[in-house]
Each structure stands twice: as C-alpha cells, then as structure tokens.
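Residue 138 in my numbering sits at position 113 of the sequence shown; the count goes up by one each step and never skips.
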Amino acid sequence: AHRDLLSSPPRRSTDLIRPVVARAAEEHRGGAGEAVTLTLADEIDLSRGDVLVHAESLTKPRRQFQARLLALGETPVTPGRAYLVKIGTAVTAARIIALHHTVDVHDYRTIPAAALEMNGIGLATLRLETDVVAADYAACQPLGGILLIDPHSNDTVALGVVEADAASRADRPRAGDGIVVALARFGLVSRDTTFGELRRRAIDAAANAGLTGLIASAATRDAELTLVATCADLVLRPLLDAALGHLRSWIAMRRQDRREAGLSLDGGGI
C-alpha cells in the first residue's frame with residue numbers, strides 16, 4: 026500500500042512506496058494477483074527477481090534451512106557435495122550438511138541413510154553460499170519450492186519444499202484433523218479415528234490401484250490435503266456416496282410422512 030515501508034533482503038535496503046500504479050491508474054493499494062508498478066521514494070539497488078517484503082514481515086533472509094527432498098537422478102544426492110539451489114528466481118551455491126532420514130513410502134517409517142537414492146524422499150538441512158528469502162512451503166509456495174541442480178551437468182537432481190521450523194510446525198493446525206472431524210459429523214468414521222488411520226487407508230487404496238507416485242507424495246510431512254484430494258475416488262468418494270445415500274433416505278422418509286399427512290410437495294419441497 027501507499028507509504029508502506031518495504032525491505033529488500035538480503036540487501037536489507039528499505040524505502041517507502043509512492044502511490045501504486047495499477048490498471049493504468051494511480052492507486053493507493055494493490056492486491057494479491059494484480060500486476061502493479063511500484064515507485065519507491067528513493068533510489069536503492071534492486072535487480073530483476075529481487076524479493077520485496079514489508080519491513081515488519083517475519084520473513085527474513087537466511088543461509089540455512091531444512092527441506093523435504095525428492096531425488097530425481099540416478100546419481101545419489103549426498104551430503105557434502107556441491108550443488109546449486111534455485112528458489113524463486115535466486116540461484117546460489119549450496120551443500121547438504123545433513124541428511125536426517127529417508128522415508129519408507131510403504132509404511133511411512135523414517136530410516137537413517139547416508140544418501141538419497143533415485144525416487145527417494147528425505148529430510149535434509151541445506152547451507153547456502155548467500156542469503157535467500159526462503160519461506161515454509163505451506164505458507165508461500167513461490168518462496169518455498171526449491172530445485173537442487175548439479176553445477177557441472179546443469180541437471181536437476183532433486184526437487185523439494187522448505188520445511189517450517191519445529192516451533193512453527195507446533196503452532197500450525199493439522200489439516201487432517203479437520204477432515205476427520207467433518208467425516209465424523211456425518212457418521213462416516215468414528216470420532217476416535219486418527220488422521221493417520223485415514224491416511225493409511227488412502228495409501229493402501231493407492232497401492233492397490235498401482236498409484237506409486239501418490240504413495241510417494243503421501244510420504245511428505247505436510248501432504249495431508251494433497252493426499253486426501255487425490256484419493257477422493259479411491260477412499261473418500263465411497264464415503265461421500267454413503268452420505269448422499271443417508272440424505273436420500275431422509276428425503277424419502279420426509280416425503281412419505283408428508284404424503285401420509287396429506288400435504289402437497291408442490292411449492293415448498295425439501
């Protein structure tokens with residue numbers, strides 16, 4: 026908005042915004058998704074692709090973060106090896122300083138490993154050569170998705186998502202809990218069902234259908250919504266059909282009651 030104070034990390038330059046130019050007219054505010062032209066009050070060093078954030082934003086530049094990686098190449102992704110990391114428009118040199126574990130996509134167990142093999146999913150800590158603006162993928166996808174690139178061949182060896190720190194994850198509600206509550210209200214699952222149980226049902230159904238890619242996506246830490254949405258035809262659609270069946274039965278009973286009472290359904294039906 027007009028007169029907001031912006032920061033351009035990692036340069037840490039700050040400046041005020043003059044009126045925003047949007048839709049060929051001068052405005053005082055621009056919304057998400059709008060193409061706008063910003064004019065700063067002073068001249069500061071900015072380059073194409075630089076990130077502008079509100080000066081009071083909690084998004085800070087950093088050189089180290091955890092990421093959930095999916096290995097794409099035949100050469101294992103290994104700690105200590107030099108890579109390039111692309112996040113947003115920024116590309117910088119980086120190394121994996123720790124591979125915390127890989128994930129067994131069949132039973133969701135975490136397994137210690139020295140390297141991430143092709144199609145393997147694992148949690149790693151990356152240290153970058155320069156500061157970048159990296160955000161939790163669940164909060165900001167453009168600044169939370171990363172590519173890991175071989176600097177010699179220029180091949181993309183892994184893709185990943187930036188993980189929130191432990192404190193942020195603890196404060197964030199789990200999407201799956203709300204899904205279980207909603208299903209329980211329809212009597213489709215018991216109230217003591219855990220989302221883990223529902224997720225295992227979805228993974229088993231996906232495995233039976235041969236959807237190995239879905240199982241891999243289910244192994245990421247925060248994939249609840251993606252998993253449930255993708256498994257709708259396999260697991261949730263039958264539950265929805267059951268709910269619709271209950272609704273149809275209820276409507277039929279109401280209609281029968283009204284017929285027996287001699288009431289017309291015309292002009293005020295259910």
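For each residue, glycine too, the CB sits at the ideal point set by N, CA and C. In this text the structure is predicted, and so the values were computed from the model without any measurement.
Integer-rounded CB distance, given that residue j should sit under 8 angstroms from residue i
i      : j      : result
Leu168 : Arg93  : Not confirmed; about 15 angstroms, so no contact.
Val158 : Thr100 : Rounded, the Cβ-Cβ distance is 29 angstroms, inconsistent with contact.
Ala96  : Leu109 : Going by Cβ atoms, the distance from Ala96 to Leu109 rounds to 15 angstroms, so no, they are not a contact pair.
Leu172 : Lys111 : 4 angstroms
Ile136 : Thr127 : 5 angstroms
Gly25  : Asp180 : What is shown of the chain runs 26 to 295, which leaves residue 25 out entirely.
Status (buried if at least 16 other CB within 10 Å, exposed otherwise) for residue i
i      : result
Glu285 : exposed
Glu188 : buried
Ala66  : exposed
Gly105 : exposed
Asp161 : buried
Val102 : buried
Leu115 : Looking at the sequence itself, residue 115 is Ala, so the reference to Leu does not match. With 16 or more other Cβ atoms within 10 Å, it is buried.
Val61  : exposed
Thr237 : Because Thr237 carries a pLDDT of 47, less than 50, the predicted location of this residue cannot be relied on, and the following value inherits that uncertainty. Its Cβ having fewer than 16 others within 10 Å, Thr237 is exposed.
Ser274 : exposed
Gln281 : exposed
Ala257 : The predicted model places Ala257 with a pLDDT of 45, which falls under 50 and marks its position as unreliable; any figure quoted below should be read in that light. Result: exposed.
Same chain only: Cβ atoms within 7 angstroms of residue i, ignoring 5 sequence neighbours per side
i      : result
His177 : none
Asp247 : Its pLDDT being 43, under 50, Asp247 is placed unreliably in this model, and the value from its coordinates should be taken loosely. Same-chain partners within the cutoff: Ala163.
Ala107 : Ala118, Arg120, Pro176
Asp129 : Ile136
His131 : none
Glu142 : Ala96, Pro101
Ala195 : Here the model assigns Ala195 a pLDDT of 48, short of 50, so the residue's position is not dependable and the matter cannot be decided.
Beta-carbon contacts of residue i that lie in its chain and below 6 angstroms, excluding the five residues immediately before and after
i      : result
Asp175 : Val182
Leu184 : Leu95, Leu172
Ala140 : Pro101, Thr103
Cys165 : none
Same chain only: Cβ atoms within 8 angstroms of residue i, ignoring 5 sequence neighbours per side
i      : result
Ala138 : Leu124, His126, Thr127, Gly145, Gly147
Phe90  : Thr150, Leu151, Ala159, Val187, Glu188
Glu154 : Arg88, Thr117, Ala118, Ala119
Gly113 : Gly74, Val76, Val157, Val158, Pro167, Leu168
Check: residue i C-beta below 7 angstroms from any heavy atom of the ligand ADP
i     : result
Ile69 : Here there are no bound small molecules, and the ligand ADP is not part of this structure.
In chain order, each beta strand (DSSP E) run of at least 3 residues that lies wholly inside the region 64 to 146 = 86 to 96, 107 to 112, 115 to 128, all fully within the region 64 to 146.
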